[in-house]
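Participant: Quick note: the sequence shown uses the UniProt record's numbering, first residue 1, plus one each step. Where a beta carbon is used, it is the ideal one built from N, C-alpha and C, also for glycine. First, the structure itself, so that you have it in front of you.
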Amino acid sequence: MLLKEMRELVEELNIYAHAYYMEDTSLISDYEYDKKYDRLKELEKVTGIILANSPTINVGSETVSELEKVEHDHPMLSLDKTKDINEVESFMNGLPGLAMLKMDGLTISVKYIDGKLVAAETRGNGIIGENVLHTANSFVNLPKEIPYKDEVVVDGEAVMEIHHYTYLKELKDIDLKKDGERKGLFGEELEKYIKDNGIKNIRNLTAGSVRQLDNSVTKERKIKFIAWKAVRGIDGNSFMKRLQILDLLGFEVVPWVKVDNIEENIKKLRETAREKDVPIDGIVFSYDDIDYSESLGNTSHHVRSQLAYKFADDKFETVIRDVEWSMGKTGQLTPVAVFDPVEIDDTIVERASLHNVNIFKSYELSVGDTITVYKANMIIPQIAENLTRNGDKLFTVPDKCPICGGHVKITGENETEELQCMNLECKGKLLGELCTFVSKEAHDITGLSKSTLSLLIEKEFIKGPLDLFYLKDCRGMLVTLQGLGAKKVDKILESIEKCRKTTLPKFLYGLSIPLIGRSVSKQLNIVEEKRAREKGLKTAFDSFIKDMDSQYDFTCLEDFGFAKASSLKNYFEENQRYITELAAEFQFEEISQETVKDGLNGAIFCITGTLTEFANRAALVEKIESLGGKVTGSVTKKTNYLINNDTLSKSSKNVKAMQLGIPIISEKEFINKFVKKC
């Protein structure tokens with residue numbers, strides 16, 4: 001039961017992280033995210049299990065823009081977080097350190113060689129970001145040259161001053177009002193048009209400004225770079241002294257204080273943020289001794305030498321008016337509270353997700369109830385409490401799908417009951433399936449946004465993913481649709497043709513099979529690649545289909561229980577013809593026919609410390625997985641090897657591996673022992 005909860009939390013948190021880091025969109029408040037994240041960490045501690053795609057060991061998600069992708073030369077990790085001052089006290093433990101503002105913008109790393117700015121990269125997923133040198137050159141305060149001839153790498157935050165954000169938002173709203181009036185909108189319709197198309201919050205505007213293709217837009221937005229870490233090139237063992245050197249080199253440095261009285265430090269820095277007119281979402285506490293900090297190492301998610309203190313959420317009263325039910329990709333209906341507009345962090349909000357049937361029922365909402373909502377750090381709000389619970393005309397769970405009118409059923413149990421539409425032809429469900437099918441993680445078809453897909457469904461151009469491959473026959477009609485046009489249609493058709501080259505995990509994930517997500521699809525691919533070689537087949541897909549036809553027992557795979565196997569079996573039995581027709585549209589990637597001797601045969605590895613042989617941790621993880629091994633974020637009794645170039649390190653992972661008698665090997669030893677033999 002605990003493992004089931006962990007898997008659900010991992011999937012949910014990864015969705016939120018993907019939206020937050022790569023789409024500049026927040027689907028849940030920081031308060032709720034941190035609550036779920038902390039629960040997952042607690043479960044991982046209790047069970048001793050860390051799932052491969054857990055957000056506690058992975059940062060964010062993959063980049064998805066048109067900007068050039070770049071691989072960082074140093075990991076740009078996240079920070080561990082707390083809202084408990086006692087935890088901050090315990091973390092600092094009387095050690096010399098500093099407290100600095102946690103800026104709420106877009107994390108950027110800049111590089112100088114021979115004193116000249118040569119690179120600027122967004123954080124992205126911590127390993128791969130985007131090249132934004134052209135827009136960084138338009139930042140209002142970033143030095144183009146510095147009086148320092150060695151290579152210098154500095155991490156910092158791209159931010160926008162609050163007064164300028166307010167000015168830009170007002171200008172945008174004025175333009176939208178004029179545009180809406182030209183369209184014949186007035187009253188509530190006009191207000192809704194402005195709200196739907198206006199600037200959502202300061203962080204989104206900042207991120208969008210930095211990621212512009214045209215840097216003249218960035219220049220108009222007056223983006224600033226606030227330096228908060230000298231990564232490389234600045235000598236000295238003091239974090240504070242390095243910041244002072246950055247200040248001398250011309251960087252605007254993050255406001256900071258030497259830690260003495262933590263509560264007073266927080267109070268002073270919050271006052272400084274107001275004076276500086278910059279958005280923040282917390283205070284970062286850091287050890288000053290850099291050698292000591294580096295000796296602590298990092299997790300693959302966060303540094304161990306810093307801790308972010310997050311502020312408590314402000315709550316606002318409003319009145320509930322309605323509950324709507326929105327459709328997810330598998331037909332799941334999620335309750336959404338609609339309430340009187342309330343202004344929080346410079347934005348007007350009037351909706352909040354209620355997540356599932358249990359939470360919806362727990363609030364006992366009726367029309368006219370007074371509720372409190374919170375919205376941490378300018379993120380989408382959540383309901384905190386129903387203050388009145390008047391009990392008159394309670395909102396109830398619908399007995400039919402609000403989209404198609406079909407039969408609905410409550411699925412799940414205990415605290416995770418969900419409302420499911422059982423109509424296989426529901427347009428809402430179809431939209432969710434198509435959104436998954438065209439997503440980056442599946443077939444990466446660009447140009448098909450949710451609104452475009454909705455239009456194509458409404459006009460009956462598509463009734464399922466298979467129809468996408470026949471859109472080329474309808475080009476003449478497509479270009480006449482509002483919002484499309486010849487240029488956009490041609491880009492969509494070109495992207496559809498490009499997606500025909502695919503792999504088994506992309507194909508499986510794109511089918512939206514219940515319980516078969518990305519990680520499970522990758523797990524099946526590893527197995528089927530090996531079995532394809534054994535059978536002399538060209539692709540993992542061919543092997544998979546043969547296994548499905550012969551009713552291969554997938555429950556023999558680790559963590560592949562009856563529920564997943566049953567879901568897979570049922571889906572393929574019910575959709576055999578569709579799968580055959582859909583697969584015929586693709587060319588599946590052929591596998592190498594070189595015999596992998598024994599490979600790693602499911603061996604479990606943990607990685608720690610700095611790498612020298614592989615480009616980055618992701619490359620080493622990919623190599624281990626390609627050889628049939630697994631990678632976890634912590635050392636447990638199940639771990640077979642700990643990879644650490646400093647085999648005598650006193651880090652917590654090394655110590656635990658020694659205590660458990662687990663071999664500690666370097667990268668070179670790993671290569672000689674496993675890579676060269678396979």
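(1) From which residue to which residue does the beta strand (DSSP E) around Thr372 run?
(2) Quick one, are the C-beta atoms of Phe225 and Phe311 less than 8 Å apart?
(3) How close, in whole Å, do the beta carbons of Val438 and Leu430 come, if the pair is a contact with beta carbons under 8 Å?
(4) Looking at C-alpha atoms only, which residue of Tyr37, Glu294, Tyr112 is the closest neighbour of Leu249?
(5) Given Thr372, which residues of its chain have a CB within under 6 Å of its CB, disregarding the five upstream and five downstream residues?
(6) If you measure from the CB of Asp73, is any heavy atom of the ligand MN nearer than 7 Å?
(7) Using DSSP with H/G/I as helix, E/B as strand and the rest coil, what is Glu157?
(8) Taking Leu434 as part of the alpha helix (DSSP H), name the residues at either end of that continuous run.
(9) Taking the alpha helix (DSSP H) that Leu365 belongs to, which residues open and close that run?
(10) Run through DSSP, which three-state label would Cys474 get?
(11) Under 6 Å Cβ to Cβ from Ile266, same chain only, skipping five residues before and after it: list those, please.
(12) Please report how far the alpha carbon of Glu130 lies from the alpha carbon of Arg232, in whole angstroms.
(13) Quick check on this structure: which residue in Ile262, Gln382, Asn137 has the alpha carbon closest to the alpha carbon of Asn215?
(14) Assuming Ile348 contacts Lys195 (C-beta within less than 8 Å), just tell me the rounded distance between them.
(15) In chain order, which continuous runs of the beta strand (DSSP E) of length 3 or greater are located wholly inside the stretch 210-296?
(16) On the CB-based measure, 16 or more other CB atoms within 10 Å of its CB, does Ser362 come out buried or exposed?
(17) Less than 8 Å between the C-beta atoms of Leu365 and Ile410, yes or no?
(18) On the three-state DSSP scale, how would you describe Asp313?
(19) Taking the CB atoms as reference points, tell me whether Val336 and Val323 lie closer together than 8 Å.
(20) State the Cα-Cα distance for the pair Glu12 and Met327, rounded to the nearest angstrom.
(21) Relative to the alpha-carbon of Ser209, which residue among Thr218, Asp260, Met422, Thr330 has its alpha-carbon at the smallest distance?
(22) What is the rounded straight-line gap between the Cα of Gly602 and the Cα of Asp38?
(23) Between the stretch 284-303 and the stretch 238-245, are three or more C-beta pairs nearer than 8 Å?
(24) Only counting the same chain, and skipping five residues up and downstream in sequence, which positions put a Cβ closer than 6 Å to that of Phe560?
(25) Note down, in chain order, each residue of its chain lying with its Cβ closer than 6 Å to the Cβ of Leu296, except the 5 sequence neighbours on either side.
(26) Please classify Asn261 as buried or exposed, where buried requires at least 16 neighbouring CB atoms within 10 angstroms.
(27) Taking the C-alpha atoms as reference points, what is the distance between Ile174 and Pro398?
(28) Given a cut-off of 8 Å, decide if Ser109 and Val159 are closer than it, judged by their beta-carbon atoms.
(29) How many Å lie between Leu98 and Leu243 at the Cα?
(30) Which ranges does the beta strand (DSSP E) cover as unbroken runs of at least 3 residues, wholly within the stretch 129-209, from first to last along the chain?
(31) State yes or no: is the C-beta of His72 within less than 8 Å of the C-beta of Ile127?
(32) Which same chain residues, not among the five before or five after Met658, have their C-beta less than 8 Å away from its C-beta?
(33) Could you tell me whether the Cβ atoms of Ala563 and Lys506 are closer together than 8 Å?
(34) Which residue from Lys393, Thr370, Asp340, His407 puts its Cα closest to that of Gly331?
(35) Compute the Euclidean distance between the alpha carbons of Ala52 and Lys393, then round it to the nearest angstrom.
(36) Please go through the same chain and pick out, in chain order, the residues whose beta-carbon is closer than 6 Å to the beta-carbon of Leu95, but skip the five residues on each side of it.
Facilitator: The answer reads as follows:
(1) For Thr372, the enclosing beta strand (DSSP E) stretches over residues 370-374.
(2) The beta carbons of Phe225 and Phe311 sit no closer together than 8 Å.
(3) Not really, about 12 Å apart at Cβ, beyond 8 Å.
(4) Check the Cα spacing between Leu249 and each of Tyr37, Glu294, Tyr112: the tightest is with Tyr112.
(5) Closer than 6 Å at Cβ, skipping near neighbours: Lys315, Glu317, Ala384, Glu385.
(6) The ligand content of the structure shown is nil, which means the ligand MN is not present either.
(7) Three-state DSSP puts Glu157 in a strand.
(8) Per DSSP, Leu434 is one residue of the alpha helix (DSSP H) stretching across 427-437.
(9) Counting along the chain, Leu365 sits inside no alpha helix (DSSP H), nor does DSSP assign it H or E at all.
(10) Under the three-state reduction of DSSP output, Cys474 falls in the helix class.
(11) Its chain contains Ile283 as the residues whose beta carbon lies nearer than 6 Å to that of Ile266, once the 5 sequence neighbours on both sides are disregarded; these appear in chain order.
(12) For the pair Glu130 and Arg232, the Cα-to-Cα distance works out to about 20 Å.
(13) Per the Cα distances, Asn137.
(14) So it is a contact: roughly 6 Å between Cβ atoms.
(15) Counting only runs of 3 or more, we get 224-232, 256-258, 280-287.
(16) Exposed.
(17) No, these two residues do not count as a Cβ contact at 8 Å.
(18) Here Asp313 sits in coil by DSSP.
(19) In contact: Val336 and Val323 (Cβ atoms closer than 8 Å).
(20) Distance between the alpha carbons of Glu12 and Met327 is about 16 Å.
(21) Taking only the C-alpha atoms, the option nearest Ser209 is Thr218.
(22) Taking the straight line joining both Cα atoms gives about 29 Å.
(23) When C-beta atoms of the stretch 284-303 are compared with those of the stretch 238-245, three or more pairs fall below 8 Å, so the two segments count as touching.
(24) A distance below 6 Å between beta-carbons, with the five flanking residues on each side excluded, links Phe560 to the following residues of its chain, in chain order: Phe554.
(25) Correct list, in chain order: Arg304, Ser305.
(26) That one is exposed.
(27) Cα to Cα, Ile174 sits roughly 40 Å from Pro398.
(28) Contact: no.
(29) Cα-Cα distance, rounded: 11 Å.
(30) Qualifying beta strand (DSSP E) stretches, in chain order: 152-159.
(31) Going by beta carbons, His72 and Ile127 fall inside the 8 Å limit.
(32) Answer for Met658: Ile664, listed in chain order.
(33) No, the pair does not count as a contact, with Cβ atoms beyond the cut-off.
(34) The shortest Cα separation from Gly331 among Lys393, Thr370, Asp340, His407 belongs to His407.
(35) Because the pLDDT at Ala52 is just 46, under 50, the model does not fix this residue reliably, and the point stays unresolved.
(36) Excluding sequence neighbours, Leu95 sits near Tyr287.
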